[in-house]
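Here the sequence shown stands for residues 36 to 428, numbered as in UniProt numbering. Each residue gets a CB set at the ideal place from its N, CA and C atoms; glycine is no exception. Since we're looking at a predicted model, the values are computed, not measured.
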Amino acid sequence: ESGLITIDPGYKNTGSTKSAITFLDGEQGILRYRGYRIEDLAEKSTFLEVAYLLIYGELPNQSEYEKFSREVTTHTLVHEDIKKILDGFPSNAHPMGVLSSLICSLTAFYPNSLDPNRSAEDVNLSIVRLLAKMPTFAAWAYKNEVGHPVNYPDNSLDYCSNFLKMMFALPAENYDVDPVVAKALDQLLILHADHEQNCSTSTVRIVGSSHASLYASISAGINALWGPLHGGANQSVIEMLEAIKADGGDTKKFLDKAKDKNDPFRLMGFGHRVYKNFDPRAKIIKKAADDVLAKLGVNDPVLDIAKELEEAALNDPYFVERKLYPNVDFYSGIIYRALGIPTDMFTVMFALGRLPGWIAQWKEMRENNEPIGRPRQVYTGANERDYVSINKR
Ligand code: SDX
């Protein structure tokens, strides 16, 4: 501490705002969007309905839902010039980098989105455009990586089916979306839709607090999510499980590595800043993994390794003392893989799910006229000293 400034690394004990969007109880493992239990929404709602709930605060009635869905559907197409941007990326560009660039490029196609004082209907149009074009950008980022031609959106399909078709359809053969896959994806997106003031949401808020455009704020959030300690963890979990499998499946060996302070290895998909109990999303995803893999007739050996690892960790004093439980990223990659989603698109899927939450949080921050984010510091550098010319150094 120094004077009035209290340093709180990682803001572990600092509240940055007041919000009416999402409620977490880390001790009880509770998660609610606008008061609705995540368990109910995951079972009974759809991703677009949850997006409406998070952004506008209430569940839509039938006509509101149909109007919203139709608006999103009619904005899925992107300007042909986007292809020029896409062509500028090497094929080894990580899809998250392509996605954040394409989202930010929307400020060029919709320059009025740079006006911080534009009308509410203009802001809503930006919101609908973002929800509509993110799946197109995500699928195109993947096509850039695999060297396949991009697919245009098919407005006769629902949100997830349209995304899957843009991802996997090829000119050489027809592609029919498997409704089991579309439904499983829809539920995963619901489970990722918001999570109060996590790292990427706080990024969206602080960038938006300078009155940067919604597109620039979301682009920043995508980059924050990319980190392996945050949304990137779902990709790291699968890489870790594959490594354990390749190493002969000795989960105890990797558990010991995770406990070794001298070893930077961490049990990816475990632990959480807020949840000191089971992450309720992890519980739902773990059950969904069994259901979806059974329905698709997929037998993935890393699912068994994951369950063995979880069981061992939950009975290991190191993890129990630190209240380390599986988080949302621990099982999600296993389902994405069963759905045919390639590993380095897992974090893009997280971004696709988190988009409505980021939008809702940005909107709340702007509607509350919150001040520009500008934390202070405690200075620990050199005292005042005179300049020394280079020939005297
Ligand atoms: C997400 O914030 C959100 O809500 C995020 C998220 C969302 O929906 O937006 O839920 C999504 O990001 C989930 C988290 C995904 N990340 C991972 O799975 C990466 C592995 N997890 C850890 O890196 C860690 O648990 C964090 C980053 C998730 C949380 O870090 P904290 O709160 O800063 O905790 P910490 O690093 O201070 O750890 C506390 C102790 C430490 O040991 P000690 O120094 O006290 O002896 O627990 C240990 C850590 O070493 N620890 C782990 C561990 N996680 C914490 N040890 C081994 N393996 C782990 N996974």
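- If you keep only unbroken alpha helix (DSSP H) runs of at least 4 residues inside the region 314-347, you get 315-331.
- Contact check for Ile42 against Val413 passes: the beta carbons are separated by less than 9 Å.
- Phe365 has its CB nearer than 8 Å to a heavy atom of the ligand SDX.
- According to DSSP, Arg67 shares a beta bridge with Phe58 and Arg72.
- Exclusion of Arg67 from the 8 Å shell around the ligand SDX follows from its C-beta lying no nearer than that to any non-hydrogen atom of the ligand.
- Under a 10 Å Cβ-count criterion, Tyr210 is classified as exposed, with fewer than 16 other Cβ atoms of the shown protein chains found around its own Cβ.
- Residue environment analysis places Gln63 among the exposed positions, since fewer than 16 neighbouring C-beta atoms fall within 10 angstroms of its C-beta.
- DSSP links Phe305 through a beta bridge to Pro361.
- One Cα belongs to Gln222, the other to Tyr145, and the distance between them is close to 31 Å.
- Around the beta carbon of Val242, 16 or more other beta carbons sit within 10 angstroms, so the residue counts as buried.
- Ranked by how close their Cα comes to the Cα of Gly306, the residues Ala268, Leu331, Glu99 and Pro206 have Ala268 in first place.
- Here the alpha carbons of Phe198 and Lys280 stand approximately 31 Å from one another.
- The Cβ atoms of Ala228 and Leu89 lie closer than 9 Å to each other.
- Taking 8 Å as the cut-off, one finds no heavy atom of the ligand SDX near enough to the beta carbon of Val239.
- The C-beta distance from Leu166 to Pro391 rounds to 7 Å, short enough to fall under 8 Å.
- Around the beta carbon of Gln232, a 10 Å sphere encloses 16 or more other beta carbons of the protein chains shown; the residue is thus reported as buried.
- The beta-bridge partner set that DSSP reports for Glu208 consists of Leu205.
- No heavy atom of the ligand SDX is found nearer than 8 Å to the CB of Gly50.
- Ser367 and Ile320 have their alpha carbons spaced roughly 6 Å apart.
- The continuous alpha helix (DSSP H) containing Val215 extends over residues Pro214 to Leu226.
- Annotation: Pro170 to Asn426 spans about 58 Å, alpha carbon to alpha carbon.
- Between the ligand SDX and His183, a heavy atom-to-CB distance of less than 8 Å is absent.
- When Met380, Glu208, Tyr360 and His230 are compared, the shortest CA-CA separation from Phe313 is found for Tyr360.
- With a 10 Å radius around the Cβ and a threshold of 16 neighbouring Cβ atoms, Val212 comes out buried.
- Ranked by Cα distance from Gly266, the options Lys288, Ala278, Cys234 and Ala247 are led by Cys234.
- The beta carbon of Ser54 sits no closer than 8 Å to any heavy atom of the ligand SDX.
- If you look at Pro170, you'll find it in the alpha helix (DSSP H) that goes Ala155 to Val181.
- Between the alpha carbons of Asn258 and Val181 lies a distance of about 22 Å.
- Arg411 is not a Cβ neighbour of Ile65, given a cutoff of 9 Å.
- A Cβ-Cβ contact shorter than 9 Å links Leu226 with Ile73.
- In the three-state reduction of the DSSP assignment, Arg420 falls in the coil class, being assigned neither a helical nor a strand state.
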